[in-house]
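Structure record follows, encoded as structure tokens.
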Amino acid sequence: MIAVVGGQKNPRKTWKRLCERYPEVVAKCYNLKFPGAGQRETPVTDRQGWAQVLGLLPGIAGATYRQEVADLVLRYLDADINVAVEIVDRNNSDEDLERLEVRIRGKKIRNQLTRTLSYRGVIKPLDYALSRSEG
Numbered sequence: 001m002i003a004v005v006g007g008q009k010n011p012r013k014t015w016k017r018l019c020e021r022y023p024e025v026v027a028k029c030y031n032l033k034f035p036g037a038g039q040r041e042t043p044v045t046d047r048q049g050w051a052q053v054l055g056l057l058p059g060i061a062g063a064t065y066r067q068e069v070a071d072l073v074l075r076y077l078d079a080d081i082n083v084a085v086e087i088v089d090r091n092n093s094d095e096d097l098e099r100l101e102v103r104i105r106g107k108k109i110r111n112q113l114t115r116t117l118s119y120r121g122v123i124k125p126l127d128y129a130l131s132r133s134e135g
């Protein structure tokens with residue numbers, strides 16, 4: 001990954017530097033020796049480790065990844081609905097989509113109720129009980 005995705009010419013040297021500077025990376029990886037003569041141990045990791053290593057890589061690949069992650073976090077914090085749309089577009093699970101529909105329906109009902117209560121001057125839960133007895 002360091003050579004292919006990261007474009008590093010000396011991936012072992014880059015890996016060694018990453019391990020020295022970011023010891024938490026080593027905890028996410030283990031060495032695997034592929035079958036065959038002359039094979040050396042190769043550090044491997046899972047998806048979470050891959051994402052962490054990619055973010056630490058020097059050069060264009062690491063910088064691009066860090067910028068895209070920062071952009072995504074800001075979109076999430078800003079409640080950019082397009083983040084959800086992008087996720088839904090990639091999800092083909094009927095069960096997940098049904099769950100999302102139920103969640104959206106509930107959210108719309110709560111919003112409508114909140115607007116109605118606000119219109120009636122309800123601020124606290126007790127006010128709701130009082131507003132019911134007025135009309």
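For reference, each letter of the sequence shown is one residue, going 1 to 135 in our numbering. Virtual Cβ for every residue (Gly too), placed ideally from N, Cα, C. These figures come from a predicted structure and were not determined experimentally.
Rounded separation between residue 94 and residue 104 - CA only
15 angstroms
With DSSP run on the structure shown, which of helix, strand or coil describes residue 82?
helix
Using the Cβ count rule (16 or more neighbours within 10 Å means buried), how would you classify residue 6?
buried
Can you look up residue 44 in the DSSP assignment and give me helix, strand or coil?
strand
Could you give the first and the last residue of the continuous alpha helix (DSSP H) run that contains residue 137?
What is shown of the chain runs 1 to 135, which leaves residue 137 out entirely.
Exposed or buried, what is residue 53 when buried is set at 16 or more other beta-carbons lying within 10 Å of its beta-carbon?
buried
Would DSSP call residue 16 helix, strand or coil?
helix
Counterpart residues of residue 33 in DSSP-defined beta bridges:
41
Hey, residue 44 and residue 32 are a contact pair by Cβ (cut 8 angstroms); roughly how many whole angstroms apart?
5 angstroms
What's the C-alpha gap between residue 29 and residue 21?
15 angstroms
Ignore the nearest five residues each way along the sequence and tell me which others in residue 27's own chain have a CB closer than 7 angstroms to its CB.
none
Under a Cβ-count criterion, where at least 16 other Cβ atoms within 10 Å of its own Cβ denotes burial, should residue 14 be classed as buried or exposed?
buried
Residue 135 to residue 88, Cα distance in whole Å?
Note on residue 135: pLDDT 49, under 50, position unreliable in the model; the coordinate value appears next. Answer to the nearest angstrom: the Cα atoms are 43 angstroms apart.
Our contact map puts residue 8 next to residue 59 with C-beta atoms below 8 angstroms; I'd like the distance itself, whole angstroms only.
7 angstroms
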